[in-house]
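Contents: one structure, followed by commentary.
Numbering (the UniProt record's numbering), first residue to last: 1 to 375.
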């Protein structure tokens, strides 16, 4: 099959490493460019790239840009797009990823890197002497982590910085990939950055309301199987809701049915969860009539599908509750949680009022006397 590719001035690239040009190469033309890329990203990162790009004879596309318009001339035969610029350097991250998605076939590969919160901290702490490094890190966090997420300051922030150097958590970076129709198939910590390879699995979600602010609305399965939105204070990093499949496949369930070592939960979120502060906005759902006071916890589709068909049917016959029966008998495994909920639902079907009063007493006893807490 005949292939076309952009002519590359290797001498110019070697002197400037300016990969803003549209660099589309096939198997016969990629070797000279590989040497240049190896020099730019380093041996280990380059090995990650060649290990995860397609080797089926189709074209690849190299760039070092956050401008989605640089993707306009990607060949229809391109199966791998490799971006040497960090995700942090892009103003419109999702728009760029949506454009990458549009240019790749199903199963196509996108390879890039991100500087996470942890990476930024290590870099600044090593760059400056103590105690100056702590001072610099504090203000860098205020400027590049918090200001982009506050409604009244983010427009000013992006106008001044154009999105460069903003902080992203690993959870947010990967969550954005999943939201834009990709699945992370490989990752590696290299040179204080996280390199990733993502495979196109479908179309972007184009979600107009991702979990970005302090108050979030999460889709949950309610009575009669209808999906409604639960109000909570955000305890996870932005876009973390798109990573349930990723976390389910890579993390085991901990005691209480939560994911073990869930990197999506922020440090502040752990405190909010411990004292149930994140669930206070759910009283609005109670006032709206979406939920009742005592009842099984509202579940996402991912969790709901882990349950048996019998329990799914019984769950959808009643409203979910603000306070779950979990705190009445403190089950540890998923099987024990399902048995606990089944006992509650069977009892509730026979005597609703008496069952909720009984469980309210058991829950209060465990919280007050045994220190039951959320994780």
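Every residue gets a Cβ at the ideal spot worked out from N, C-alpha and C, and that includes glycine.
* Please say whether residue 129 and residue 172 have beta carbons closer to each other than 7 Å? => Against a cut-off of 7 Å, the Cβ pair of residue 129 and residue 172 comes out as no contact.
* **Runs of alpha helix (DSSP H) lying entirely within the stretch 74-112, each at least 4 residues, in chain order** => Complete alpha helix (DSSP H) runs here, min 4: 93-103.
* Proximity test, Cβ basis, 7 Å: residue 249 and chain C -> Absent from the structure: chain C. Only one protein chain is present.
* Please work out which residues of its chain come closer than 6 Å, Cβ to Cβ, to residue 190, disregarding the five sequence neighbours upstream and downstream, and give them in chain order. => Hits under 6 Å: 44 and 45.
* residue 155, buried or exposed, once every other Cβ within 10 Å from all chains shown has been counted against 16 -> When all chains shown are included, residue 155 counts as exposed.
* Asked: Taking the alpha carbon of residue 328 as the point to measure from, which residue in 339, 319 and 318 has its own alpha carbon closest?
  -> Comparing Cα positions, the closest option is 339.
* Asked: Can you give, in chain order, each stretch of the alpha helix (DSSP H) that sits fully within the UniProt domain "Bacterial sugar transferase" (215-348) and has at least 4 residues?
  -> For the alpha helix (DSSP H) assignment, the uninterrupted runs of no fewer than 4 residues enclosed by the UniProt domain "Bacterial sugar transferase" (215-348) are, from N- to C-terminal side, 244-250, 267-274, 282-288, 301-304, 309-315 and 326-329.
* Do residue 176 and residue 93 have their C-beta atoms within less than 7 Å of each other? -> Contact flag set, yes.
* Determine the DSSP secondary structure at residue 185, reduced to helix, strand or coil. => Strand at residue 185.
* Can you tell me which of the three DSSP states residue 364 falls into? => Residue 364 falls in the helix class under three-state DSSP.
* **Candidates 91, 116 and 82, of which the one nearest residue 101 by Cα** => For residue 101, the closest alpha carbon among the candidates 91, 116 and 82 is that of 82.
* Nearest to residue 298 by alpha carbon, out of 152, 277 and 326? -> When 152, 277 and 326 are compared, the shortest CA-CA separation from residue 298 is found for 326.
* What is the DSSP secondary structure of residue 33, counted as helix, strand or coil? -> Three-state result, residue 33: helix.
* When burial is assigned at 16 or more other CB atoms within 10 Å of the CB, is residue 42 buried or exposed? -> By the Cβ neighbour-count rule, residue 42 is exposed, with fewer than 16 other Cβ atoms within 10 Å of its own.
* For residue 27, count neighbouring C-beta atoms within 10 Å of its own C-beta (all shown protein chains included) and say buried if the count is 16 or more, exposed if not. => Here residue 27 scores only 49 on pLDDT, less than 50, and its place in the model should not be relied on; the value that follows carries that caveat. Exposed: under 16 other Cβ atoms inside 10 Å.
* Asked: Which residues mark the beginning and the end of the alpha helix (DSSP H) in which residue 132 is found?
  -> Annotation for residue 132: the continuous alpha helix (DSSP H) segment containing it runs 132-141.
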